[in-house]
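One structure below.
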Amino acid sequence: MKLLMLHTDFVEYEPIMKESRVFEEAEMGRRRLEDIILVLTAVEEGDDEVVVDKAVSELKEYSSKVGNRRILIYPYAHLSNKLATPEKALEIIRIFRGKCEIEGMEVYTSPFGWTKALSLSVKGHPLAEQFRSITSGAADTTYVPKALVMEEKIKSYWYILIPNGELIPVESFDFSGHEGLKALAAYEMAKSRAVLQAPPHVDLMKKLEIADYEPGSDLGNMRWPAKGRLIKSLIEQYVTEKVIEYGGMEIETPIMYDLKHPCLESYLNRFPARQYIVKSDDKEFFLRFAACFGQFLLAHDMQISYKQLPVRLYELTRYSFRREKSGELVGLKRLRAFTMPDVHALCADIQQAKEEMLRRLELSINVLEGIGLNKDDYEMAIRFTRDFYESNKEFVTELVKRFGKPALVEMWEERFFYFVLKWEFNFIDNLGKASALSTDQIDVENAERYDITYVDQFGNKKHPIILHCSPSGAIERVIYALLEKAYKVYKEGGKPMLPVWLSPTQVRLIPVSDIFVEDCVALSERLESEQIRVDVDDRLETVEKKVRDAETEWVPYIIVFGKKEKESNVFSVRDRESGSIKQMTLDELIKEIRSKNVGRPYKKLSLPKMLSKRPSFR
RNA sequence: GCCCCGGUAGCUAAGCCCGGCAUAGCGCCGGCCUUGUAAGCCGGUGGUCGCGGGUUCGAAUCCCGCCCGGGGCUCCA
Numbered sequence: 000m001k002l003l004m005l006h007t008d009f010v011e012y013e014p015i016m017k018e019s020r021v022f023e024e025a026e027m028g029r030r031r032l033e034d035i036i037l038v039l040t041a042v043e044e045g046d047d048e049v050v051v052d053k054a055v056s057e058l059k060e061y062s063s064k065v066g067n068r069r070i071l072i073y074p075y076a077h078l079s080n081k082l083a084t085p086e087k088a089l090e091i092i093r094i095f096r097g098k099c100e101i102e103g104m105e106v107y108t109s110p111f112g113w114t115k116a117l118s119l120s121v122k123g124h125p126l127a128e129q130f131r132s133i134t135s136g137a138a139d140t141t142y143v144p145k146a147l148v149m150e151e152k153i154k155s156y157w158y159i160l161i162p163n164g165e166l167i168p169v170e171s172f173d174f175s176g177h178e179g180l181k182a183l184a185a186y187e188m189a190k191s192r193a194v195l196q197a198p199p200h201v202d203l204m205k206k207l208e209i210a211d212y213e214p215g216s217d218l219g220n221m222r223w224p225a226k227g228r229l230i231k232s233l234i235e236q237y238v239t240e241k242v243i244e245y246g247g248m249e250i251e252t253p254i255m256y257d258l259k260h261p262c263l264e265s266y267l268n269r270f271p272a273r274q275y276i277v278k279s280d281d282k283e284f285f286l287r288f289a290a291c292f293g294q295f296l297l298a299h300d301m302q303i304s305y306k307q308l309p310v311r312l313y314e315l316t317r318y319s320f321r322r323e324k325s326g327e328l329v330g331l332k333r334l335r336a337f338t339m340p341d342v343h344a345l346c347a348d349i350q351q352a353k354e355e356m357l358r359r360l361e362l363s364i365n366v367l368e369g370i371g372l373n374k375d376d377y378e379m380a381i382r383f384t385r386d387f388y389e390s391n392k393e394f395v396t397e398l399v400k401r402f403g404k405p406a407l408v409e410m411w412e413e414r415f416f417y418f419v420l421k422w423e424f425n426f427i428d429n430l431g432k433a434s435a436l437s438t439d440q441i442d443v444e445n446a447e448r449y450d451i452t453y454v455d456q457f458g459n460k461k462h463p464i465i466l467h468c469s470p471s472g473a474i475e476r477v478i479y480a481l482l483e484k485a486y487k488v489y490k491e492g493g494k495p496m497l498p499v500w501l502s503p504t505q506v507r508l509i510p511v512s513d514i515f516v517e518d519c520v521a522l523s524e525r526l527e528s529e530q531i532r533v534d535v536d537d538r539l540e541t542v543e544k545k546v547r548d549a550e551t552e553w554v555p556y557i558i559v560f561g562k563k564e565k566e567s568n569v570f571s572v573r574d575r576e577s578g579s580i581k582q583m584t585l586d587e588l589i590k591e592i593r594s595k596n597v598g599r600p601y602k603k604l605s606l607p608k609m610l611s612k613r614p615s616f617r
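One point on numbering: in numbering that gives the first Met the number 0, the residue at position 593 of the first sequence is 592, and numbering is uninterrupted.
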């Protein structure tokens, strides 16, 4: 039995003449049906009730997928070249109609055995046209789309690799005590990712004035009010400093490239990802979706000796652009314009590449740790070809050992990408969804494509192995992770907060009355000289109100300043992290905050210090 | 693209089912209070109820079409 199911805006048909010796009585004239599934049906030799049952269940599934239970069963012989006899076909079609009705579908029929005029309008969505071939045999020859054939070829084998080197098939791994990894495995391997609520960070990013949607731009292009810009800028600066410490040479390259450039063209053809296209005169440019292009073109022109390897090029792309499908964009998790640190290392050979990759793994762990995300917050995934694994088992195990927790493994039989191995750290959010932060890849293809060379000790030009690493992942996504992490704390009854070094206001001074404002300003200047961000709530509000506002802004240290403080120089500090009020001298407070800022960049508060002068961004 | 939810004051929402003076809280403005650790009190300001059409004596509310946003799904033949 063959079914061609078409989700239509309308179908119109008109019986013209009898065409078979077996036919049904037909009502003459045009008949029009709106918003209906047209089921073109051919009955084949050997079809029986078992086949009908299967057809009904296929149709029922389709009907619920497209959300329409109105169907028109339309006999259509042209779908098969081994048709059943007309008598049999009519019998089967009648059974088919009846069972569809029993299954609760609203069934319309067109008469069997007639030549009919048919016109229709098929809806423009991906599921609108579906073909099914149904037989009674065990092995259904269902319609297999090309994409699925490809999928078959890049079949993935899933394992858990534990730090001692044991590779365990995912289904036999005991996940107790590894809830995050379990969530990651489920997320990566599952087809359905349905979730009922919106991710919590979306509300938080708006309320805290960190980021918001910009309706006047394209989707996934965010705007960043002062506090958000400050936070983002601090993380950008921090990651950049760490990469430079590691040995990255910071460069800057254009954000758009000629679509017709020979190297880029072949790369793009290999990755038909959606891009933004910009026209200038009669040329077309695409907006970069990573730093690779600029860095490779630059590396192509460099003179590199084997003595200088590995050569590390770094750029913080603001922005990289990817035209992700609108439905994929959520808050700060996935954007169309995003900020990504990208550091490439040109390595002499695979041996050097492996050593370098271990260094970069440490770098990534350190960077995330410094930002405020530790190993409890993310899970490692490693993907590689079977070949690479077989000949580099020790190295792959070493990656997991350095990470210190079991990792999810995806293994491929063949290489379909430009890399032989990639690893990522995946953050798991409050809805159990995973997204990649840090990542690194071993690229064995692009040096040749871009003709990037170094000269070896014998004077021969050689193509290096290229590592692609983002030590933190997109900065926006890091902020998403921090907010989701804070929400987890809140959910468990704690007080959500950002790491102190990222908090726009680190200390809020609350004068008990306006006569203490001057003292607070003086105090704030003392704290500022220690590179601490501080502001003064000089509004004519009650102390309670001002404390509440500071709490809802997640200010980590709140000091109410009045007569007592002025006289004693001992402060009652509301410490958000511990949730208690601590008695501290100014020096103790400075020491504590400085200890939390150590090794992190400092930026001044880019908002009016006096709360009375501060506008709301919402 | 499809499905679901939404669009009412600067923000968050109620009202819509069952048509009858457009509501509340926050914010903002003014006044009182000079304040001791999570919302002080009083008053005021503020709205093309997303847009267009229809039904009706009368539409935020019912009907039709469209736009925008969010979420989910799916596809990338």
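The beta-carbon is built from N, C-alpha and C at its ideal position, and this holds for glycine as well.
In this structure, DSSP gives LYS581 an extended state, which the three-state scheme calls strand. The beta carbon of LYS122 lies closer than 7 Å to those of HIS6, THR7 and ASP8 in the same chain, with the five residues before and after it left out. Closest by C-alpha distance to TRP411, out of THR384, TYR417 and LYS562, is THR384. Around the beta carbon of ILE15, fewer than 16 other beta carbons lie within 10 angstroms, which makes this residue exposed. In the DSSP assignment, PRO85 falls outside any beta strand (DSSP E) and within the unbroken alpha helix (DSSP H) covering 85-101.
Between GLY179 and GLU378, the gap from beta carbon to beta carbon is short of 8 Å. GLN440 is classed as buried because its beta carbon has at least 16 other beta carbons within 10 Å across all chains shown. Assigned with DSSP and collapsed to three states, ASN67 falls in coil, not helix or strand. Of the other Cβ atoms in all chains shown, 16 or more fall within 10 Å of the Cβ of TYR388; this residue is therefore buried. When only Cα atoms are considered, ALA336 and GLU235 end up about 15 Å apart. Judged by their CB atoms, ASP537 and SER611 are nearer to each other than the 8 Å cut-off. Check the Cα spacing between VAL310 and each of MET356, ALA127 and GLY330: the tightest is with MET356. ALA289 has its alpha-carbon roughly 15 Å from the corresponding atom of TYR449. Rounded to the nearest angstrom, the gap between the Cα atoms of ASN459 and ILE303 is 12 Å. The residue from LEU398, GLY247 and GLU413 with its alpha-carbon nearest to that of LEU407 is LEU398.
In this structure, DSSP gives VAL554 a state outside helix and strand, which the three-state scheme calls coil. Three or more beta-carbon pairs separated by less than 8 Å link the region 588-607 to the region 496-514, which places the two stretches in contact. Here DSSP, grouped into helix, strand and coil, assigns ARG573 to strand.
In the structure shown, the three-state DSSP call for LEU39 is strand.
Annotation: the continuous beta strand (DSSP E) that includes GLU423 extends over 418-427.
LEU71 places its beta carbon less than 8 Å from that of VAL38. Straight through space, the alpha carbons of ILE349 and TYR305 are spaced by roughly 14 Å. Inter-segment contact for the region 307-324 and the region 273-292 is present: three or more beta-carbon pairs are separated by less than 8 Å. Residues LEU508, ILE509, PRO510, VAL511, PHE515, ASP518, CYS519, LEU522 and PHE570 of the same chain have their beta carbon placed closer than 8 Å to that of PHE560, with the five preceding and five following residues left out of the count.
For THR239, there is no enclosing beta strand (DSSP E); the enclosing alpha helix (DSSP H) covers residues 225-245. Three or more Cβ pairs closer than 8 Å define a contact, and the region 79-96 meets that threshold against the region 47-66. Note on PHE424: 16 or more other CB atoms within 10 angstroms of its CB, so buried under the neighbour-count rule. Linking PRO340 to PRO253 through their CA atoms gives a straight-line distance of about 15 Å. Classified as buried, ASN445 has 16 or more neighbouring CB atoms from the shown chains inside 10 Å of its CB.
For the pair ARG525 and LEU585, the CB atoms are nearer than the 8 Å cut-off. Counting along the chain, the unbroken beta strand (DSSP E) around LYS115 starts and ends at 113-121.
Residue burial annotation: PHE415 is exposed, with fewer than 16 other C-beta atoms found within 10 angstroms of its C-beta. Of all alpha-carbon atoms in TYR107, TYR237, GLY28 and ARG476, the one lying nearest the alpha-carbon of THR338 is that of ARG476.
The C-beta distance from ILE558 to VAL572 rounds to 6 Å, short enough to meet the 8 Å contact threshold.
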